[in-house]
Amino acid sequence: MIETDIELLKGIANQLRIHSITSTTAAGSGHPTSCCSAADLVAALFFSHMKYDAKNPHFYNNDRFILSKGHAAPLLYAAWAENGFVPVSELAKLRQFGNDLEGHPTPRLAFADVATGSLGQGLGVGVGMALAARQDKLDYNTYVLMGDGEIAEGAVWEAASLAGIYKLNNLIGIVDANRLGQSQATAFGHDIGVYAKRFEAFGWRVEVIDGHDIEEIIEVLNGVGLDDKPLVIIAKTYKGAGVSFLQDKDGWHGKPLNKEEAVRAIAELQPRAKSGIGAPISTPNILPAPNLAAPASFPAINYKLGDQFATRESYGTALVRIGETDQRVVAMDGDTKNSTYSDKFFKKFPARFTECFIAEQNLVAVAVGFGARGKVPFASTFACFFARAFDQIRVAGISMSNIKLVGSHVGVSIGEDGPSQMALEDIAMMRAVCGSTVLYPCDAVSTEKLVEQMALKKGICFLRTSRPKTPVIYGNDEQFPIGGAKIVRQSAGDKATVVAAGVTLHEAIKAADALKNEGVHITVIDAYSIKPLAKDVIKAAAQKTHNTVITVEDHYMEGGLGDAVAGELSVDGIKVHKLAVNSLPHSGKAEQLFAKYNIDAAGIVKKVKSLA
Ligand SMILES: Cc1ncc(C[n+]2csc(CCOP(=O)(O)OP(=O)(O)O)c2C)c(N)n1
Ligand SMILES: [Mg+2]
Numbered sequence: 005m006i007e008t009d010i011e012l013l014k015g016i017a018n019q020l021r022i023h024s025i026t027s028t029t030a031a032g033s034g035h036p037t038s039c040c041s042a043a044d045l046v047a048a049l050f051f052s053h054m055k056y057d058a059k060n061p062h063f064y065n066n067d068r069f070i071l072s073k074g075h076a077a078p079l080l081y082a083a084w085a086e087n088g089f090v091p092v093s094e095l096a097k098l099r100q101f102g103n104d105l106e107g108h109p110t111p112r113l114a115f116a117d118v119a120t121g122s123l124g125q126g127l128g129v130g131v132g133m134a135l136a137a138r139q140d141k142l143d144y145n146t147y148v149l150m151g152d153g154e155i156a157e158g159a160v161w162e163a164a165s166l167a168g169i170y171k172l173n174n175l176i177g178i179v180d181a182n183r184l185g186q187s188q189a190t191a192f193g194h195d196i197g198v199y200a201k202r203f204e205a206f207g208w209r210v211e212v213i214d215g216h217d218i219e220e221i222i223e224v225l226n227g228v229g230l231d232d233k234p235l236v237i238i239a240k241t242y243k244g245a246g247v248s249f250l251q252d253k254d255g256w257h258g259k260p261l262n263k264e265e266a267v268r269a270i271a272e273l274q275p276r277a278k279s280g281i282g283a284p285i286s287t288p289n290i291l292p293a294p295n296l297a298a299p300a301s302f303p304a305i306n307y308k309l310g311d312q313f314a315t316r317e318s319y320g321t322a323l324v325r326i327g328e329t330d331q332r333v334v335a336m337d338g339d340t341k342n343s344t345y346s347d348k349f350f351k352k353f354p355a356r357f358t359e360c361f362i363a364e365q366n367l368v369a370v371a372v373g374f375g376a377r378g379k380v381p382f383a384s385t386f387a388c389f390f391a392r393a394f395d396q397i398r399v400a401g402i403s404m405s406n407i408k409l410v411g412s413h414v415g416v417s418i419g420e421d422g423p424s425q426m427a428l429e430d431i432a433m434m435r436a437v438c439g440s441t442v443l444y445p446c447d448a449v450s451t452e453k454l455v456e457q458m459a460l461k462k463g464i465c466f467l468r469t470s471r472p473k474t475p476v477i478y479g480n481d482e483q484f485p486i487g488g489a490k491i492v493r494q495s496a497g498d499k500a501t502v503v504a505a506g507v508t509l510h511e512a513i514k515a516a517d518a519l520k521n522e523g524v525h526i527t528v529i530d531a532y533s534i535k536p537l538a539k540d541v542i543k544a545a546a547q548k549t550h551n552t553v554i555t556v557e558d559h560y561m562e563g564g565l566g567d568a569v570a571g572e573l574s575v576d577g578i579k580v581h582k583l584a585v586n587s588l589p590h591s592g593k594a595e596q597l598f599a600k601y602n603i604d605a606a607g608i609v610k611k612v613k614s615l616a
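Residue numbering for the sequence shown follows the numbering used here, starting at 5 and increasing by one per position.
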């Protein structure tokens, strides 16, 4: 433990304010007043309380800091400049094209584990990290700095709830209660007792402090981990604190000072500022490092052709199998584990499973947190409910997160439960995420092999699993590389190329067999990798069938397999005819719904025959 030098910390806080003002003025944009309110908190954390190796922000037992109010990025950058990691001269390049000191933090920076800036997401990520620390028997703490306006977000309370349930005393939330939001005062202004009651109700220990009193800040931080609850520090602060003409003033959110104003502000701050360069920082404990190595291979699979399994069930089987050899694999679910079959993993490895209850935004945020700690998190729920967490998934794209999302119960094939439970937009949604991979297996073997691929592939991978049982059509040695496709039927003189995936692949096979009896032949392709799509395989097949492709999918018309194929192949002059769900579905038997939307064998036969 280093000795606390209160005067030095006060001085560093003002130095951080100066950097925040200077860099945003140089950039001509940014949020200097949001930085000023939190400067004392950040100075105390980075230069007295937190234990970390400032030369190696990735060190596995460093305390973690998530700037959930990501718009205060200049303050974070200033802290990492004052601790010596970022050259101070770099701060002047804030927000410049090509510089990693962007408007909001991203993991392009070694010290930002995740992207922030879409408010309300940091605490859930912190929950994932705090859980990862526990699983890895590491003693780092996770600190999450939030704005008071920000905590109106429901996702904050999903996270607060789970942290309370799991008594995460290694998670510390800090609310910078500066009374103001963007366009006006927050709903509760400085009536911060309201926040205290709310966090208390979620099972947190609450400390209400003056967020500009370094001694008080240090005192509450000294109490971190002393009981079995997560701790939230509600810090009463003033936006623009430290500068007389900014402090507690409306209308300054997201506004840089002009040059003359900056000079005046710095003149106020400079006499009370001290450099943090060379200040001692507490070092983390050296504990055994977690095993984060990818395995050389996975145990073999053993299926018999024709045996029937739902791909959702094969997912559960696969997860247990890869979890045996890949210690990085962890899983989480939103109270659907007996439907998604993630309960197989839960039963086998309870310590590596997190029940997130019915809170899908937090489910994804927790996965992002685990991913940021080197784990390979598999988060599952009904595919339709991932739509609730689309912003978390989108931001995971910016975080370049390594997360695996597994959505079951897709399409009209779920039948009787009706449209509220049917994922019919999920392919469109997941395809749109930067850097994502979208996979859609049709049988047990391809599911097992794709789950292996997902574990080995860094990035956001989505696996679409189905409820109905389907026969095993592939041999145990078949390989399913991401970006591939399987030609399952092809002969000379084929009339059309039918591209399907998942349940509709089996309908396409039935259609091929039915047509064959009538002397009509078609190519059938299993597009198990929707993104990236095996464009060359489909194109080569299409060129042998008069440039005619029919896509068949249990998904809405928009943005799914059909659009993926059309989007890739239209430039090559290939005509794509889409069969997909084209109206609001109704409860019913899967067969009835398939027939209604012409995505069953009969519909495919009809379509093939209709083509000249
Ligand atoms: C989800 C989301 N909604 C809206 C915004 C736009 N926005 C950025 S900062 C801000 C106000 C934040 O207020 P507060 O959390 O109190 O932070 P402060 O700047 O006061 O510290 C808003 C509305 C955003 N970034 N994210
Ligand atoms: Mg505020």
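Backbone N, C-alpha and C fix where the C-beta goes; we use that ideal spot for every residue, glycine too.
As the structure is a prediction and not an experimental result, all values here were calculated from the model.
For asparagine 342 and arginine 316, the gap between their C-alpha atoms comes out near 10 Å. Contact holds between the segment 457-472 and the segment 416-426, because three or more Cβ pairs, one in each stretch, are under 8 Å apart.
Taking 7 Å as the cut-off, one finds at least one heavy atom of ligand 1 near enough to the beta carbon of alanine 76. Going by DSSP, threonine 358 is part of no alpha helix (DSSP H) but of the beta strand (DSSP E) stretching over 357-359.
In this structure, DSSP gives proline 91 a state outside helix and strand, which the three-state scheme calls coil. Every beta strand (DSSP E) stretch that sits fully inside the segment 237-316 and reaches 3 residues is listed by chain position as 312-314. The beta carbon of threonine 508 sits closer than 7 Å to the beta carbons of Val556, Glu557, Asp558, Ile603 from its chain, once the five residues preceding and following it are set aside; these are given in chain order. Three or more pairs of CB atoms, one per stretch, sit closer than 8 Å, so the segment 448-459 contacts the segment 323-330.
With respect to the C-alpha of lysine 141, the residue from Gly168, Gly132, Pro294 having the closest C-alpha is Pro294. Here valine 92 has Ala85 as same chain residues with Cβ atoms under 7 Å from its own Cβ, once five neighbours each way along the sequence are excluded.
Going by C-alpha positions, glycine 227 is about 22 Å away from aspartate 57. Restricting attention to alpha helix (DSSP H) runs no shorter than 4 residues, the segment 414-466 encloses them at 430-435, 448-460, ordered along the chain. Counting the other Cβ atoms within 10 Å of the Cβ of valine 267 gives fewer than 16, which makes it exposed. In this structure, DSSP gives histidine 559 an extended state, which the three-state scheme calls strand. In the DSSP annotation of this structure, the continuous segment of the beta strand (DSSP E) that includes glycine 151 starts and ends at 146-151. Ligand 1 has no heavy atom closer than 7 Å to the beta-carbon of lysine 582. In the three-state DSSP reduction, isoleucine 196 falls in the coil class, being neither helix nor strand. Distance from the Cα of tyrosine 242 is smallest, within the candidate group Phe313, Gly151, Ala164, for Gly151.
Shown here for glutamate 359: not one same chain residue has a beta carbon closer than 6 Å to its own, the five before and five after excluded.
Rounded to whole angstroms, valine 528 and glutamate 562 show a C-alpha spacing of 22 Å. Given a length threshold of 3 residues, each whole run of the beta strand (DSSP E) inside the segment 96-172 is given here in chain order: 146-151.
Counting every other CB atom within 10 Å of its CB across the protein chains shown gives proline 445 a total of 16 or more, marking it as buried. If you compare the alpha carbons of Val399, His413, Val414 with that of isoleucine 407, the shortest gap goes to Val399. Under the three-state reduction of DSSP, serine 187 is assigned to coil, being neither helix nor strand. When the Cα atoms are used, phenylalanine 374 and valine 380 turn out to be separated by approximately 7 Å. Counting along the chain, no beta strand (DSSP E) covers isoleucine 397; the unbroken alpha helix (DSSP H) around it starts and ends at 394-402. Contact annotation: the segment 170-186 touches the segment 255-264, with at least three C-beta pairs closer than 8 Å. Collapsing the DSSP output to three states places histidine 581 in a strand.
Short of 8 Å from the beta carbon of glycine 439, and not among the five residues preceding or following it, lie these beta carbons of its own chain, in chain order: Gly401, Met404, Gly463, Ile464.
Counting every other CB atom within 10 Å of its CB across the protein chains shown gives phenylalanine 249 a total below 16, marking it as exposed. Proximity to leucine 460 across Pro485, Gly479, Gly168, Ile534 peaks at Pro485, based on C-alpha coordinates. Alanine 205 has its alpha-carbon roughly 30 Å from the corresponding atom of cysteine 40. Residues of the same chain with a CB within less than 6 Å of the CB of phenylalanine 302, apart from the 5 flanking positions on each side, are Ile326, Thr329, Glu456 in chain order. Taking the Cβ atoms as the reference, alanine 83 lies roughly 5 Å from phenylalanine 50, within the contact range of under 8 Å. Cβ atoms of asparagine 174 and threonine 146 come within 8 Å of each other, at about 6 Å.
For glutamate 272, the CB contacts under 8 Å within the same chain, skipping 5 residues up- and downstream, are Gly246, Val247, Ser248 in chain order.
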